[in-house]
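Below is one structure, written out as structure tokens; comments come after it.
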Amino acid sequence: MDRVDYESLVIQDLANFYKNNELKLDPWYQRRSVWNLAQKGYLLNTLFVKKPVPTIYIRHYLDVESEKSIKEVVDGQQRMRSILGYLDDEFAARHPNHNAPVKYSALSPKERTELKMTKLSIGSLVNAEESDVIEIFGRLNSISKSLNAQEKRNAKFSGAMKQFCLEYAAKKVGFWRETSIFSATDISRMDEVQFISDLVLNLLSGLSDFSSAKLDNLYEQYDDLFDDEKKIQKRLDRIFSIIEKLTATAIKDTIFYRSPIFFSLLIVLDQKKGAIGSKKLEEQMKAIDALFNDASKHKAEDRAFYEACTASTQRIKSRRVRHEYLAKRIS
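Residue 3 in the UniProt record's numbering sits at position 3 of the sequence shown, with consecutive numbering throughout.
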């Protein structure tokens, strides 16, 4: 193989290649198409919102019998099948201009044009022999890292709940960094997405232990449709609108920068239905922090709160203690 040339091709060009039998999606070494509808829909949504997708690698060769230049997909078969399947109206996908998932035929002419003119990154393998292709295919599909629970969850699911939690956590990235609740490393490992997922679970089902299994079930249950999405978003927006009026130091310089304690604060605020003034809330948070850090003034309930903030913080017992303590002191 001489080299890999990178270029951009619009979806319409690739669809034309496929229609003219010039794009081969099923070389013998490729895995069978195994993507489910949620995964396909997530890819299309990614294209609709103009986010990047991984490069598709293609080998060019000449078919002597047909005298056609054939483009063989080395890596990216399932992405291409999903895109072509959507153009054939095989499934619906979430589009930012529509309230419910839509098929290609339901898009407006402008939306169809925007999709078909979307550029995809293509890596062309120049003068690649079959042995080169097999090696490259193996390398592309063996590069991995050790994934944590949320990264595995993110890879496994592509549906409504995964998209909601991912997008909501991403909207708050400036807040996470400013308040030091999550570091750049935490965010790179999707800790903030797991936090939002756990928060959504507790808003839906009530206070509970942290459980990876429960979050997996949450993603699976709402993979096709998250019917309470608007209600949960409204509750989250209300909570964060209160929090974001505080000075960053009210969180960053107090115990509330610790994600388990911040989690409890959010749950308490959700249950306080009346108006909550930011100045008063900040004073109350700082008073809680000052007492937390002065063991000489601790009474029994203060000691219980301290213990619930420093040991087994994700267990239901600790969460209940923190919840009751904060609920008494925040109004």
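Cβ atoms here follow ideal geometry from the backbone N, Cα and C, with glycine treated the same way.
Residue i Cβ short of 7 Å to the ligand MN heavy atom set
| i | result |
| --- | --- |
| E283 | Although the ligand MN was asked about, the structure shown includes no ligands whatsoever. |
Beta-carbon proximity of residue i to residue j, cut-off 8 Å
| i | j | result |
| --- | --- | --- |
| Q163 | N36 | no |
| A327 | K286 | no |
| P101 | R112 | no |
| I196 | A213 | no |
| S208 | I316 | yes |
| S183 | K252 | no |
| Q194 | Q150 | yes |
| S296 | A308 | no |
| L87 | A15 | yes |
| E22 | I56 | no |
| S278 | K245 | yes |
| T247 | E282 | yes |
Alpha-carbon to alpha-carbon, residue j and residue i
| i | j | result |
| --- | --- | --- |
| Q221 | A290 | 42 Å |
| F240 | S105 | 38 Å |
| K272 | S331 | 7 Å |
| L156 | E135 | According to the sequence as given, residue 156 is Lys; it is not Leu. Rounded to whole angstroms, K156 to E135 spans 26 Å at the Cα level. |
| D237 | V268 | 14 Å |
| M190 | V64 | 49 Å |
| P27 | R235 | 49 Å |
| L215 | E229 | 16 Å |
| K299 | L266 | 25 Å |
| K103 | N20 | 24 Å |
| T185 | I242 | 27 Å |
| R139 | D302 | 56 Å |
| Y61 | Q314 | 57 Å |
| Y219 | S264 | 22 Å |
| K280 | P96 | 38 Å |
| A304 | S211 | 23 Å |
| S108 | Y325 | 53 Å |
| R320 | Y18 | 58 Å |
Neighbourhood of residue i by C-beta distance below 6 Å, restricted to the same chain and skipping five residues each side
| i | result |
| --- | --- |
| K116 | I11, Q12 |
| V133 | R59, V74 |
| L147 | none |
N- and C-terminal bounds of the beta strand (DSSP E) containing residue i
| i | result |
| --- | --- |
| I58 | 56 to 63 |
| I70 | 68 to 75 |
| Y104 | Unbroken run through Y104: none, as it is neither H nor E. |
Same chain, Cβ closer than 7 Å to residue i, five either side skipped, listed in chain order
| i | result |
| --- | --- |
| L275 | The residue asked about is misnamed: residue 275 is Ala in this sequence, not Leu. Around A275: no qualifying Cβ. |
| F226 | A160, M161, F164 |
| L25 | V73, Q77, M80, R81 |
| L43 | V53, R79, S82 |
| L203 | I232, R235, D270 |
| D223 | A38, F157, G159, A160, M161 |
Contacting residues, own chain, Cβ-Cβ under 8 Å from residue i (five flanking each side not counted)
| i | result |
| --- | --- |
| T118 | V10, I11, L47, K50 |
| G85 | K40, F91 |
| Y6 | T55, S121, I122, G123, S124 |
| S8 | K119, L120, S121, I122 |
Integer-rounded CB distance, given that residue j should sit under 8 Å from residue i
| i | j | result |
| --- | --- | --- |
| L120 | V53 | 7 Å |
| V200 | I187 | Contact doesn't hold; Cβ gap of about 18 Å is too wide. |
| V34 | F137 | With 8 Å as the limit, V34 and F137 do not qualify as a contact, their Cβ atoms being about 16 Å apart. |
| Q284 | R322 | Not confirmed; about 15 Å, so no contact. |
Start-to-end residues for the alpha helix (DSSP H) that takes in residue i
| i | result |
| --- | --- |
| L269 | 259 to 271 |
| I122 | Counting along the chain, I122 falls outside any alpha helix (DSSP H), though it belongs to the beta strand (DSSP E) covering 119 to 126. |
| L218 | 212 to 221 |
| D5 | First-last for D5: 3 to 10, but that is the beta strand (DSSP E), not the alpha helix (DSSP H). |
| E307 | 300 to 310 |
| M161 | 160 to 171 |
| M285 | 278 to 292 |
| R189 | Careful: R189 lies outside any alpha helix (DSSP H) and carries neither H nor E. |
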